[in-house]
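One structure below.
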Amino acid sequence: MKRTMLKAKIQKLTVTETDIEYEGSLTLDEELLRAADMKPYEQVHVYNISNGERFSTYLIKGAKNSGVVGVNGAAVHKAKKGDKLIVASYVGLDEEEIDFFMPKVIIVGEDNRIRTIK
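In my numbering, the protein residues as written are 458 to 575.
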């Protein structure tokens, strides 16, 4: 049996841009993707700390070290510029893998730059 477990999360992201005309997805700085071991087009869950909204989408790579956090398409109705977000990815693990697995937790500052990796 596989269990769905937290693989990684990035906390305290600040939305820097929105684009309702884009078909969908969440744009994240390439450096944040690398640090969290997240890939472009990977499904993620987004939790809006500012208003309580939650949604699922996929990632697209933003410019490295740009600090970009862009909410696109219909998700613009769930987050606006300046909102604080948590972005989480999950993985299916077999029972014997669970005890040895630790998710990555990335905490960023106001500029969306990495402050802490746990």
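All C-beta atoms, glycine included, are put in the ideal place defined by N, C-alpha and C.
| Asked | Found |
| --- | --- |
| Are the segment 520 to 540 and the segment 471 to 483 in contact at 8 Å, needing three or more beta carbon pairs? | yes |
| Report all residues from its chain with a CB closer than 7 Å to the CB of residue 461; omit the five preceding and five following residues, and keep chain order. | 547 and 549 |
| Name the residue from 573, 553, 555 and 545 whose alpha carbon lies nearest to the alpha carbon of residue 466. | 545 |
| Would residue 528 and residue 519 qualify as a contact pair, given that the criterion is a beta-carbon distance under 7 Å? | no |
| Between residue 560 and residue 464, how many whole angstroms is the CB-CB distance? I'm expecting something under 8 Å. | 6 Å |
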